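Participant: Numbering (my numbering), first residue to last: 7 to 135.
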Amino acid sequence: MPHTLKYALNTKRSVIGHVLLCRGCCCGETSRDKPEVPVQWIKEQWKSRGLLKTVQLSISGCLGPCDLSNVVAVHGASDHFWLGNFHEFQQYSDLLEWAEQCRSAGHLLPLPAQFDQFRFDPFRASMAG
């Protein structure tokens with residue numbers, strides 16, 4: 007028999023995912039020769055496309071790892087994706103399109119293949135030893 011967790015608190019919102027864009031110590035810091043994070047554009051698009059209540063968007067402080075500038079983390083009930091090295095505006099546009107598809111499907115969809123080269127696992131086991 008599966009164990010069901012019961013929590014003391016409930017939220018009125020039922021979200022399918024949460025996208026966090028790093029805008030911390032170095033991500034998007036054009037003065038430090040880092041690519042721009044189009045924060046204002048993506049916030050406006052997320053809102054105008056009605057994504058906020060199903061796929062939440064947060065502009066975050068440092069998510070790490072800083073060697074992969076412009077980090078994006080996506081969290082859902084059972085799926086977690088980490089992306090890094092977002093250097094092109096099109097990557098953010100593709101992320102927005104994917105979020106819309108997820109909203110329409112009612113759950114997080116697998117990331118499209120164009121994101122494969124940007125995926126990483128920040129929790130991987132050490133390669134040492």
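Note that the Cβ used here is the ideal one computed from N, Cα and C, for glycine as well.
Note that the structure is predicted; figures quoted are calculated from it, not measured.
By a C-beta neighbour count over all protein chains shown, 10 Å radius and 16 as the cutoff for buried, is Ala-105 buried or exposed?
Facilitator: As a position in the sequence shown, residue 105 is number 99, starting the count at 1. So Ala-105 ends up on the buried side.
Participant: State yes or no: is the C-beta of Ser-64 within less than 7 Å of the C-beta of Cys-28?
Facilitator: Taking the first residue of the sequence shown as position 1, residue 64 is located at position 58. Taking the first residue of the sequence shown as position 1, residue 28 is located at position 22. Cβ atoms of Ser-64 and Cys-28: not closer than 7 Å.
Participant: When burial is assigned at 16 or more other CB atoms within 10 Å of the CB, is Leu-69 buried or exposed?
Facilitator: As a working mapping, residue 69 is identified with position 63 in the sequence shown. Buried.
Participant: Using the three-state DSSP reduction, which class does Val-45 fall into: helix, strand or coil?
Facilitator: Within the sequence shown, numbered from 1, the residue matching residue 45 stands at position 39. Val-45 falls in the helix class under three-state DSSP.
Participant: For Trp-88 and Leu-117, what's the separation of their Cα atoms in angstroms?
Facilitator: For the purposes of this step, residue 88 is identified with residue 82 of the sequence shown, where counting begins at 1. For the purposes of this step, residue 117 is identified with residue 111 of the sequence shown, where counting begins at 1. C-alpha separation (whole angstroms): 11 Å.
Participant: Report the partner residues of Val-61 according to the DSSP bridge assignment.
Facilitator: Position 55 of the sequence shown, counting from 1, holds the residue named residue 61. Looking at the DSSP assignment, Val-61 forms a beta bridge with Gly-23.
Participant: Which value, in whole angstroms, describes the spacing of the CA atoms of Pro-128 and His-24?
Facilitator: Here the question's residue 128 lines up with position 122 in the sequence shown. Here the question's residue 24 lines up with position 18 in the sequence shown. Near 17 Å, if we compare the C-alpha coordinates of His-24 and Pro-128.
Participant: Pull up the CB-CB distance for Ile-22 and Leu-114, whole angstroms please, since I reckon it's below 8 Å.
Facilitator: The count along the sequence shown starts at 1 and reaches residue 22 at position 16. The count along the sequence shown starts at 1 and reaches residue 114 at position 108. That belief holds up - the Cβ atoms of Ile-22 and Leu-114 are roughly 6 Å apart, short of 8 Å.
Participant: Can you tell me where the alpha helix (DSSP H) with Ala-111 in it begins and where it stops?
Facilitator: As a position in the sequence shown, residue 111 is number 105, starting the count at 1. Its alpha helix (DSSP H) spans residues 95-111.
Participant: I'd like the span of the beta strand (DSSP E) that includes Phe-87, first residue to last.
Facilitator: For the purposes of this step, residue 87 is identified with residue 81 of the sequence shown, where counting begins at 1. Counting along the chain, the beta strand (DSSP E) containing Phe-87 begins and ends at 86-89.
Participant: Have a look at the DSSP bridge pairing and note the partners of Ala-119.
Facilitator: Reading the sequence shown from its first residue, position 113 is the one you call residue 119. Its beta-bridge partners do not exist; DSSP assigns none.
Participant: Considering only the beta carbon of each residue, do Val-43 and Cys-33 sit closer than 7 Å?
Facilitator: Indexing the sequence shown from 1 puts residue 43 at position 37. Indexing the sequence shown from 1 puts residue 33 at position 27. Yes; because the gap between Cβ atoms is below 7 Å, this pair is in contact.
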